[in-house]
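Have a look at the structure below before the remarks.
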Amino acid sequence: MHSFLIWFALFCGVIALTLPGPSADACTSFLLKHPSGPLMAKNYDWDVAEGQLVVNPRGLAKTALVPDGGKPVRWTSRYGSVTFNQYGREFPLGGMNEVGLAMEVLWLNGTEYPEPGNRATIETLQWVQYCLDSLRTVGDVVASASELAVGGSATLHFFACDPTGNCAVIEFLDGKLAARSERTLPLPVLTNNTYSESLDYLNRTLGYGGDPVEPEGSGSLARYARAANGTNAARFAGGDQPVDATFAILADVAQPKSTQWSIVYELQEGRVNFRTAGNQQTRTVNLSELDLDCTADALVLDLAADLSGDVTSKLTPYDADANLEIIRAGFTADSVAAPSDETIILMAAYPDQLLCTFAARE
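Its first residue numbered 21, the sequence shown is counted upward by one per residue in the numbering used here.
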């Protein structure tokens, strides 16, 4: 275990320092409050396409990886989940759990995480997995952001929604938690400016007061305005194809050279739908059809697989070697300072340390 603690001291910097700097404009996420039920969506805009869809079982005992001297978060996964991973199993970029809580990360320059103090510590991507493992509502996510010391070198903010249609934006600004939900989150949309900056911009765009400004282009604020307009229009239009309507909004804010994955979560139905840059066919995974107990195999799906439709039955058992190759692909030749192969091997091996407790259900 000591080797993993040494590795984590490197890992906190690896995610930020070795990834290609975010495309000047990276990622869009929003909630569509459709009459048939809420749908949360995200475009993953990055320079790397490789990744896996991972099924994460309930009942696994976990310990957060923290630098020497840190107090790690310890937990047992209560809920199973489906996540999208580019830097290895257990370090997702986003996903949804079996009770319909979904969470995604987006880049935010200027993020400054609080000092840990006496709180237990967890890295940003592992916190996403913790939330999906442990929590039911966005209120729980907001409380967790305060109770735990979330941090790392990757400058991120977070968007989470639950089956009630309630959402939260979690930001860490000037060393303090800045969380918005319910009345303080008038529009459930997030891009790559702070939520406050985005709302200020929206007040100056067509349809929201101020001087009319056509929100064209791929910049963060323009995408925010178009996503806000698109979700409002789709909400009032209704229709019997809410997933298609959500993908249409994602297409409107997509970036041809950097949108790698487009994801739609049906929060009440427990379905995950996605498209990729290399395959625009919609693929669907139904959580209710998965065996999520830790006694069953952990399952994965290569996002590059040439499939369409319901792919729940196409998932295959998790393979440590494939996990290693996905991580290697994530750290591209364009990286500023790629980690050593030893570090990457340690990242890939982390899931092998997890123990099944058989005690996930309440």
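By construction, the Cβ of each residue, glycine as well, lies at the ideal position given by its N, Cα and C atoms.
Short Cβ contact (9 angstroms threshold) for residue i with residue j
i, j, result
"residue 126", "residue 197", "no"
"residue 84", "residue 140", "yes"
"residue 298", "residue 106", "no"
"residue 284", "residue 75", "no"
"residue 301", "residue 282", "no"
"residue 188", "residue 176", "no"
"residue 191", "residue 128", "yes"
"residue 115", "residue 68", "no"
"residue 251", "residue 208", "yes"
"residue 258", "residue 55", "yes"
"residue 4", "residue 246", "Residue coverage of the chain in this structure runs from 21 to 382, which leaves residue 4 outside it and unanswerable."
"residue 142", "residue 180", "no"
"residue 312", "residue 156", "no"
"residue 331", "residue 303", "yes"
"residue 110", "residue 307", "no"
"residue 315", "residue 378", "yes"
"residue 48", "residue 224", "no"
Three-state secondary structure assigned by DSSP to residue i
i, result
"residue 338", "coil"
"residue 304", "strand"
"residue 295", "strand"
"residue 46", "coil"
"residue 369", "helix"
"residue 153", "helix"
"residue 119", "coil"
"residue 203", "helix"
"residue 165", "helix"
"residue 69", "coil"
"residue 191", "strand"
"residue 148", "helix"
"residue 363", "helix"
"residue 354", "Per-residue confidence for residue 354 stands at a pLDDT of 49, beneath the threshold of 50, marking its modelled position as unreliable; no derived number is given."
"residue 209", "strand"
"residue 343", "helix"
"residue 159", "helix"
"residue 309", "helix"
Residue-level contact to chain E via CB, residue i, 9 angstroms cutoff
i, result
"residue 114", "You won't find chain E in this structure, because it holds only one protein chain."
Enclosing beta strand (DSSP E) for residue i [first to last residue]
i, result
"residue 388", "This structure cannot speak to residue 388, because the chain is shown only from 21 to 382."
"residue 103", "101-105"
"residue 64", "57-65"
"residue 378", "Segment: none, residue 378 is in no beta strand (DSSP E) and carries neither H nor E."
"residue 96", "94-96"
"residue 314", "Run containing residue 314: none; DSSP gives neither H nor E here."
"residue 178", "176-181"
"residue 143", "141-143"
"residue 82", "80-83"
Anticipated Cβ contact below 8 angstroms, residue i with residue j, distance rounded
i, j, result
"residue 136", "residue 90", "7 angstroms"
"residue 121", "residue 152", "7 angstroms"
"residue 372", "residue 340", "6 angstroms"
"residue 123", "residue 161", "7 angstroms"
"residue 185", "residue 53", "5 angstroms"
"residue 50", "residue 71", "In fact, because the Cβ distance is near 21 angstroms, the residues do not count as touching under 8 angstroms."
Span of the alpha helix (DSSP H), counted from its first residue to its last, around residue i
i, result
"residue 219", "215-222"
Problem - alpha helix (DSSP H) runs wholly inside the stretch 229-283, at least 4 long, in chain order - result: Fully enclosed alpha helix (DSSP H) runs of no fewer than 4 residues occupy 240-257 and 262-272 of the stretch 229-283, in order along the chain.
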